[in-house]
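Here is the structure we will look at, set down as structure tokens.
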Amino acid sequence: MPKNIILCGVGGQGTILASKLIAAAAMAKDIKIQSAETIGMAQRGGSVFSHLRMGSGPHAPLIGRGKADLIIGFEPAETVRQLPFLKPDGAVVVSSRPVMPVSALIGDTGYPLEEILDYLRHHVQHLTMVDAEQAASDLGSAKVLNVVLLGAAARSGELGLGVDDLRQAVHQKMPEKVHALNDRALNYTSR
């Protein structure tokens, strides 16, 4: 069954790497995959998103509005920005940790995190929220949030790939010295 997946976040969160890991896992299972990435001003913490289309079906990599089966959100506000692409019964896996825009950090605007999270709770029927702060504390590293989110997406059943498929991709694409940490991240579930 075809899957339309959007990954979104800001520069430096590992969104593009996560996209490449999904693509590698799909290719290893001989699943057709297409991707398109927009990285904008990623070097400065700008928006980053990837569209992934797995399986047979359309031959264009971009996902239309209301057609995404799954959004994997690395940052809550960026996830809300991508919601118009989610189909009515689609799923969202999102990190609860914000990445503050510069304007919020210097006091020009606020970042209404609780309002954003409440919006997601009320507008997404199939929502998995990952406590990124707790995951970083439990795993001893914030750098594996992308892999934690991939594991949560696999367990949701909406990704179309299993945790073992992703583990193989991680072992294929990443240095051996980080395999054990990433294995723990893939299997991470909050307490």
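Last residue of the sequence shown: number 1426 in the working numbering, and the count goes up by one each step with no gaps. Every residue, glycine too, gets a C-beta built ideally from N, C-alpha and C. These numbers were taken from a predicted model, which means no experiment stands behind them.
Per DSSP, cross-strand counterpart(s) of residue i
i       : result
Asn1239 : Arg1288
Val1245 : Ser1282
Leu1297 : DSSP output for Leu1297 lists no bridge partner at all.
Thr1424 : Note: Thr1424 sits in no beta bridge, so no partner.
Nonlocal neighbours in the same chain, by C-beta distance under 7 Å from residue i, ignoring five residues either side
i       : result
Ser1270 : Ser1254, Ala1258, Ser1285, His1286, Leu1287 and Pro1296
Leu1256 : Leu1385, Leu1401, Ala1404, Val1405 and Lys1408
Val1315 : Ile1351, Tyr1354 and Leu1355
Cβ neighbours of residue i in the same chain (closer than 6 Å, five flanking residues each side left out)
i       : result
Ile1240 : Leu1287 and Leu1305
Glu1310 : Gly1244, Val1245 and Val1334
Ala1249 : Strictly speaking, residue 1249 in this sequence is Gly, with Ala absent from that position. Closer than 6 Å at the Cβ level, and outside the excluded window around Gly1249, lie Asn1381.
Gly1292 : Pro1237
Gly1301 : Lys1322
Leu1242 : Thr1250, Ala1253, Ser1254, Ser1285 and Ile1307
Start-to-end residues for the alpha helix (DSSP H) that takes in residue i
i       : result
Thr1250 : Thr1250 to Ala1263
Val1328 : No alpha helix (DSSP H) holds Val1328; the beta strand (DSSP E) holding it covers Leu1321 to Ser1330.
Unbroken beta strand (DSSP E) run spanning residue i, endpoints
i       : result
Thr1314 : Unbroken run through Thr1314 is the alpha helix (DSSP H), Pro1311 to Gln1317; no beta strand (DSSP E).
Ile1266 : No beta strand (DSSP E) holds Ile1266; DSSP gives it neither H nor E.
Residue i beta carbon near the ligand ADP (any heavy atom closer than 7 Å)
i       : result
Phe1284 : With respect to the ligand ADP, the structure offers nothing, as it holds no ligand at all.
Note down, one range per segment and in chain order, each beta strand (DSSP E) of at least 3 residues found wholly within the segment 1339 to 1394. Correct list: 1361 to 1365.
In chain order, what are the residue ranges of uninterrupted beta strand (DSSP E) at least 3 long that sit wholly in the segment 1395 to 1421? Assignment of beta strand (DSSP E) within the segment 1395 to 1421, counting only whole runs of 3 or more residues, yields no such run.
Three CB pairs or more closer than 8 Å across the segment 1316 to 1324 and the segment 1375 to 1393: no
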